[in-house]
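To start, the structure itself, in structure tokens.
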Amino acid sequence: RWRKWQIRARIQSSIDRNLAQAMNELERIGNLLSLPKSVKDEAALIYRKAVEKGLVRGRSIESVVAAAIYAACRRMKIARTLDEISQYTKANRKEVARCYRLLLRELDVEVPVSDSKDYVTRIGSLLRLSGAVMKTAAEILDKAKTVGLTAGKDPAGLAAAAIYIAALQNDDRRTQKEIAQVAGVTEVTVRNRYKELINELKIQIPTQ
Amino acid sequence: MNIENIVATVTLDQNLDLYAMERSIPNIEYDPDQFPGLIFRLEQPKVTSLIFKSGKMVVTGAKSTDELIKAVKRIIKTLRRYSIRILGKPKIQIQNIVASANLHVHVNLDKAAFLLENNMYEPEQFPGLIFRMDEPKVVLLIFSSGKMVITGAKREDEVYKAVRKIFEKLNELECISAVEEEEELEL
DNA sequence: GCTTTAAAAAGTAAGGT
DNA sequence: ACCTTACTTTAAAAAGC
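Quick note, the sequences are listed as chains S and G, same order. With my numbering applied, the first sequence covers 5 to 212. With my numbering applied, the second sequence covers 17 to 203.
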């Protein structure tokens, strides 16, 4: 009937308005993070699902957009921390994380367990490391995972430590400080993971 | 397995004057602008109680049912000592039990995250795998060390059941490996 | 949804010496 | 580098905003 049609049209237009605003936000944050178009498209898809399921009600569009971007990055294996993403929003990391968990629970969006090797790529490009260093770091992380050293640990910290070791072994010394900074963890964490890796994996560090 | 905390509600069928209680009872926190409940800390057994003007209270911190009952009796005795009229006997209901357990095995969280349903494993946010069990309806935080936290249970047997069940499940899914353990000191 | 309370797990963080 | 303190996660109730 006319009334029913009217209600549906009103809901549709509110979804449209929400989407238009969200797509602007997505574009803005995505560009600030230099995300490839494929990730922004994926995030848009996830956000659209969230709106259609009414998950944005009572939450800021911005934080749900940020959560969708984080989920898209994870799916596309583009390493970005929640802190990196939430810094461009008014919402804090905790709120974006809450929205992200909501998306995982309510939408059938498959997100793989985060892989520390994705962070190797990210840190490597920020520090302009050679392919050889990144390859060595990836091998260290594979070994660490096999031995069960990685469970429960922040993948960014693991990647940072592996890169620190790999750089030393490839004669391209980087400081724990610079690696920690781009990885988004503290020097203490890099040092702790580093010690654990060289001790448990019996890694020899070039003298000095 | 160890019960770490019990959250219970206590119902007294009467209204209470929280302002009068704040005036007469020492070591009480009451700031209605911040929270409608009055905060009362009992030192033995060490529990904390939130007391509301409706005569309902929330008691947290007890590590056993005995301790909980003893604590409620002492709280009421204390209130009476400060001449707060308490009629009738209190109705105690356990709302949540938090427990810890140790499977004494190493758990492959990556594999478990892939094979278990209703789980969340986000090591950048929290080191434990969060598993929502349907029956009994509890939530388990599972760590690679084999230690875990069980919460959401209303009865002690639900905790035992949940631990037994998760062990069997992880075992079937081959997410468990033995770990040589230096025996821990018992207190 | 938020506020307050308690408690464990393991990782990370921050401040002090 | 160490130590201490504190924050992340989970559940549940109370009354009020």
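Beta carbons: idealized from backbone N, C-alpha and C, even for Gly.
Sequence-distant partners of A72/S (beyond 5 residues in either direction) whose C-beta falls short of 7 Å from its own C-beta, in its chain, are A47, I50, Y51, A54 and L107. The continuous beta strand (DSSP E) containing F147/G extends over residues L145 to M149. In chain order, S118, D119, S120 and Y123 place their CB closer than 7 Å to the CB of P159/S, counting only its own chain and leaving out the 5 sequence neighbours on each side. Here DSSP, grouped into helix, strand and coil, assigns K163/G to strand. For the set V60/S, D112/S and I15/S, the Cα lying nearest the Cα of R79/S is the one of D112/S. Shown in chain order are the members of the segment 129-151 of chain G whose Cβ falls below 8 Å from a Cβ of chain S: A129, F130, M136, Y137, E138, P139, E140, Q141, P143 and G144. Per DSSP, A155/S has no beta-bridge partner at all.
Looking only at F147/G, L119/G, V165/G and L125/G, the smallest Cα-Cα distance to V195/G is reached by L119/G.
Shown here for S116/G: same chain residues with a beta carbon closer than 8 Å to its own, the five before and five after excluded, namely M17, N18, E20, K163, M164, V165 and I166 in chain order. Exposure of F51/G is indicated by the presence of fewer than 16 other C-beta atoms within 10 angstroms of its C-beta.
Residues of the segment 157-171 of chain G with a C-beta less than 7 Å from any C-beta of chain S: F159 and S160, listed in chain order. Excluding its 5 nearest sequence neighbours in each direction, M37/G has C-beta neighbours in its own chain below 8 Å: I44, Y46, L54, I67, L95, Y98 and I100, listed in chain order. Non-local C-beta neighbours of D176/S in its own chain, meaning closer than 8 Å and more than five positions away in sequence, comprise L133, S134 and V137, ordered along the chain. Non-local beta-carbon contacts of D87/S in its own chain, meaning distances under 8 Å to residues more than five positions away in sequence, involve R97 and G188 in chain order. Under the DSSP definition of a beta bridge, Q185/S lacks any partner. Burial of I22/G is indicated by the presence of at least 16 other C-beta atoms within 10 angstroms of its C-beta. In terms of CA proximity to K72/G, Q30/G leads the group A169/G, E83/G and Q30/G. Under the DSSP assignment, M37/G falls in the alpha helix (DSSP H) whose first and last residues are L34 to S40. Contact check for L125/G and S160/G: beta-carbon distance about 5 Å, within the 8 Å limit, so the pair qualifies.
As computed with DSSP, K107/G is found in a beta bridge with T27/G. The C-beta of D173/G comes no closer than 8 Å to any C-beta of chain S. Judged by their CB atoms, A169/G and L145/G are not nearer to each other than the 8 Å cut-off.
In the three-state reduction of the DSSP assignment, N18/G falls in the strand class. Straight-line spacing of the CA atoms in H122/G and L131/G works out to 16 Å. Its Cα nearest to that of I167/S, the residue A142/S stands out among A142/S, K157/S and A155/S. Using a Cβ-Cβ cut-off of 8 Å, A165/S does not count as an interface residue toward chain G, since no Cβ of chain G sits closer than that to its own. Within chain G, the C-beta atoms nearer than 8 Å to that of S118/S come from E138, P139 and E140, in chain order.
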